[in-house]
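Undergrad:
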Amino acid sequence: MTDKLLDIQHLGVHFAIGGLFDKSALRAVHDVNFSVDRGDIVALVGESGSGKSTIARLICRLEKPTGGKILLDGKDVLETEPHAASKEYRRRVQMIFQDPFGSLNPVHTVAYHLARPLQLHQVISRNELRQRILTLLETVGLKPAEDFIDKFPHSLSGGQRQRVAIARALATEPDLICADEPTSMLDVSIRMDILQLLTDLRDQQQTAFIFVTHDLAAARQLADRILVLYAGQLVEEATSDELIADPKHPYTQLLLAAAPQQGGSLDTPLPAKPGAPQNVDPPPGCAFAERCNQAMDLCRQQTPGWTWLEKKRRVRCYLYGVSRADEETGE
Amino acid sequence: MSLLRVENLMVDYLTPEGALRAVDGVSFELKRGEILGLVGESGSGKSTAAMAAMRILGPPALIAGGSVLFDGRDVLTMSAEQLRRWHWREIAIVMQSALNALNPVLTMQEHFLDTIAAHRPEMSKAEMLKRAAELLKMVDIDPRHLNSYPHELSGGMRQRVVIALALTLNPPLLIMDEPTTALDVVVEREILKRVLQLQKELGFAILFITHDLSLLLEFATRLGVLYAGRLVAIGAVEIFRQGGVHPYTQGLLQAVPQLRGKREAFKSIAGSPPSLKNPPSGCRFHPRCPLAEERCRKEQPELKKTQSGHQVACHVRT
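Chains Y and F, in that order, are what the protein sequence lines are. 348 is the number of the first residue of the first sequence in our numbering; add one for each residue after it. 31 is the number of the first residue of the second sequence in our numbering; add one for each residue after it.
1) Taking residue 573/Y as the reference, which of 449/Y, 452/Y, 387/Y has the closest Cα?
2) Taking residue 49/F as part of the beta strand (DSSP E), name the residues at either end of that continuous run.
3) Any Cβ of chain F within less than 8 Å of the Cβ of residue 561/Y?
4) To the nearest angstrom, report how far apart residue 537/Y and residue 162/F are at their CA atoms.
5) Skipping 5 residues on each side, what residues in its chain have a beta carbon closer than 8 Å to that of residue 453/Y?
6) Determine the DSSP secondary structure at residue 340/F, reduced to helix, strand or coil.
7) Is it the case that the segment 111-122 of chain F contacts the segment 153-169 of chain F, given that we only count it when at least three CB pairs across the two stretches are under 8 Å?
8) Evaluate the contact criterion for the segment 89-96 of chain F versus the segment 170-187 of chain F: three or more CB pairs, one atom per stretch, below 8 Å.
9) Using a cut-off of 7 Å between C-beta atoms, extract the partners of residue 248/F located in chain Y.
10) Could you confirm whether any beta carbon from chain F is found closer than 8 Å to the beta carbon of residue 565/Y?
11) Would you call residue 249/F buried or exposed, if buried means 16 or more other Cβ atoms sit within 10 Å of its Cβ?
12) Find the residues of chain Y that neighbour residue 303/F, judging by a C-beta separation of less than 9 Å, and give them in chain order.
13) How close, in whole Å, do the beta carbons of residue 580/Y and residue 423/Y come, if the pair is a contact with beta carbons under 8 Å?
14) Quick one, are the C-beta atoms of residue 224/F and residue 129/F less than 8 Å apart?
15) Near residue 87/F, which residues of its chain fall below 6 Å by C-beta distance, leaving aside the five closest residues on each side in sequence?
16) Quick one: is residue 281/F near chain Y, going by C-beta distance under 8 Å?
17) With a 10 Å radius around its C-beta and 16 neighbouring C-beta atoms as the bar for buried, classify residue 676/Y as buried or exposed.
18) DSSP beta-bridge partners for residue 260/F?
19) Can you give me, in chain order, the residues of the segment 384-397 of chain Y that have a beta carbon less than 7 Å from any beta carbon in chain F?
20) Which value, in whole angstroms, describes the spacing of the CA atoms of residue 678/Y and residue 584/Y?
21) Just to confirm, are residue 566/Y and residue 392/Y a CB contact at a threshold of 8 Å?
22) For residue 231/F, tell me which candidate among 202/F, 125/F, 241/F has the shortest Cα-Cα distance.
23) Considering only the alpha carbon of each residue, which of 139/F, 239/F, 126/F, 228/F lies closest to residue 170/F?
24) Got a sec? Which residues, its chain only, sit under 6 Å from residue 334/F by beta carbon, not counting five neighbours each side?
25) Check the C-beta distance from residue 285/F over to residue 298/F and give it rounded, since I have them as a contact under 8 Å.
26) Which one of 260/F, 292/F, 268/F, 293/F has the shortest CA to CA distance from residue 72/F?
27) When you check each C-beta in the segment 211-245 of chain F against every C-beta of chain Y, which residues fall closer than 8 Å?
28) Who are the near neighbours of residue 312/Y in its chain, counting only those whose CB is closer than 6 Å to its CB and skipping five residues on each side?
29) Say whether chain F places a C-beta atom closer than 8 Å to the C-beta of residue 576/Y.
30) Since residue 62/F meets chain Y, which of its residues come closer than 7 Å, beta carbon to beta carbon?
31) Starting from residue 275/F, follow its DSSP beta bridges and name the residues at the other end.
32) In chain order, what are the residue ranges of uninterrupted alpha helix (DSSP H) at least 4 long that sit wholly in the segment 580-653 of chain Y?
33) For residue 122/F, collect the residues of the same chain with a Cβ closer than 6 Å to its Cβ; drop the 5 residues on either side in sequence, then sort them by chain order.
34) Under three-state DSSP, which class holds residue 154/F?
35) Going by the beta-carbon positions, is the gap between residue 542/Y and residue 554/Y smaller than 8 Å?
36) In terms of residues, what are the limits of the alpha helix (DSSP H) holding residue 96/F?
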């Protein structure tokens, strides 16, 4: 078995919008390629509308792509199970949502939330069931588990609810969990605990994570690698330390300069023009060209392809080479 | 004389189970042209304190005690007419959700005309329109958007419009309640830079409320930290930049992941913020505090000056 767990190839979501006479194309996700190894933590970083949550939802098969492939263990699941994901796929790929207040059902207990995935995905006796739920609660740090198992969501704090949501995702012993901004609705003082929990789970159970966030500092803390998205396209990939220390893409440089940090100052000029990407009928060329201080003529004509600087270190920008998207041959 | 002086402010929320004290004896002052940051987690009382000081809180909230002086005038005894004149001319607020702050069926122009006509009825319509265009330019929005409706603008542009509206009558104090929380970092930074430029040009003071301590460290003059309805530390921003004095402040500073420096193990503050229905005895932070002593469980600490000129409510640190 190879280490490569998930392989995303040319994934895209394009919508046709508008009426009969003013048809437009909206590109939510465009030509996304990346892979996740077993036990890998990969962060998808971008601003709102960049497509980061959509990619996570596509991988969890909550939405359908309009193009591309999702390979799990080398098998193209969109081909083998085109209409809906198989039960086995759902067992192996789980999701944690941003809002722990909305993702738990207020009329059911913690035990019910955790029993459902266990019963749906494996045959298990009643005694065993309770034992498994208690173990799960302990794994996510809700101790003593006996105190939590019969509680309703409303009597739990936000952090505790998010732990229940994590336990629910873990119940099926998945290989991959997509976590969509799992800490952004939580109080600042408890966010780090949740990130630590995800790290521990990876270390102990070899669970891989796709961590969707807008916070570069949190991405760097948690993830092994960071993928930066702009206007539905990946623009840079690097190990977390490298991306922060030596950002290549002008957009990554902008994101870093804008992130609040200790010792930072609002007086530092931002290295790009203000603006937002055009997702509807995007113009040809690089989506960031309009705002980029270093844009050349070529940038406005042709979408840049990947320039590979090292293995797993790539950037989609002509400043580092002239590979074009239409002549790209893959890795 | 300070511009705004809040003394021992108490605010209750009336609930079926009884009164819940959301702000418990908070005092702070704001000088002209100063930027005071109030930081705290959800439920710490930061927005409630600011809105109570502005007298824009309605039931079930109730100001249960304390005093608020604005430029020497007693705010808590102002009549409805006095409040109407005071609001917007002398104190204006920018709230988090710009979409909710703007009326979806009115154009930008109508928003400005409405505000100006209410407070400066002597102005001609042409003058009002000139002022509206000027205000939009101030926040880097093309005046052609005067005819746009809120839904035609992006989130960042809407928030800029709300800021321009707040500055319409040149108030000496602007309250900003999480003004950029709903925005992306790049947009947030562009807007804040503009606000600070305007603050330097026009000289207004800002009371900036947020949960984002790292952001405040970049531009506030002084900072106050709220925990479970009480002010636990207040002082010049430099001391917070150096790591703070109160154990809660220190914990908060360490709980934020950093972009630079070594990647360290995650350090949250143990436990979670208390419920106001049943706040802990003594120091409200004691169940989560690494330094808690016997005294902290029994006696509530008062704000005391430390050597650095910083005020801290902590038995161990003072």
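Ideal Cβ positions, reconstructed from N, Cα and C, are used throughout, including at glycine. Bear in mind the structure is a predicted one, so any value in this text is a computation, not a measurement.
TA: By the coordinates alone:
1) 387/Y
2) 48-60
3) yes
4) 44 Å
5) 499, 500, 501
6) coil
7) no
8) no
9) 607, 611, 612, 613
10) yes
11) buried
12) 504, 534, 536, 537
13) Not a contact, Cβ separation roughly 22 Å.
14) no
15) 81
16) yes
17) Here the model assigns residue 676/Y a pLDDT of 46, short of 50, so the residue's position is not dependable, and the following value carries that caveat. By the 10 Å Cβ count, residue 676/Y comes out exposed.
18) 257/F
19) 394, 395
20) Per-residue confidence for residue 678/Y stands at a pLDDT of 41, beneath the threshold of 50, marking its modelled position as unreliable; no derived number is given.
21) yes
22) 202/F
23) 228/F
24) 348
25) 5 Å
26) 260/F
27) 214, 215, 216, 217, 218, 219, 220, 222, 223, 226, 241, 242, 243, 244, 245
28) Residue 312/Y falls outside the range modelled here, since chain Y spans only 348 to 678, and no answer is possible.
29) no
30) Correct list: empty, because the minimum Cβ distance to chain Y is about 21 Å.
31) In DSSP, residue 275/F forms no bridge with anything.
32) 587-592, 597-605, 644-648
33) 196, 201, 204
34) coil
35) no
36) Taken as a continuous stretch (DSSP letters only), residue 96/F belongs to no alpha helix (DSSP H), being part of the beta strand (DSSP E) at 91-100.
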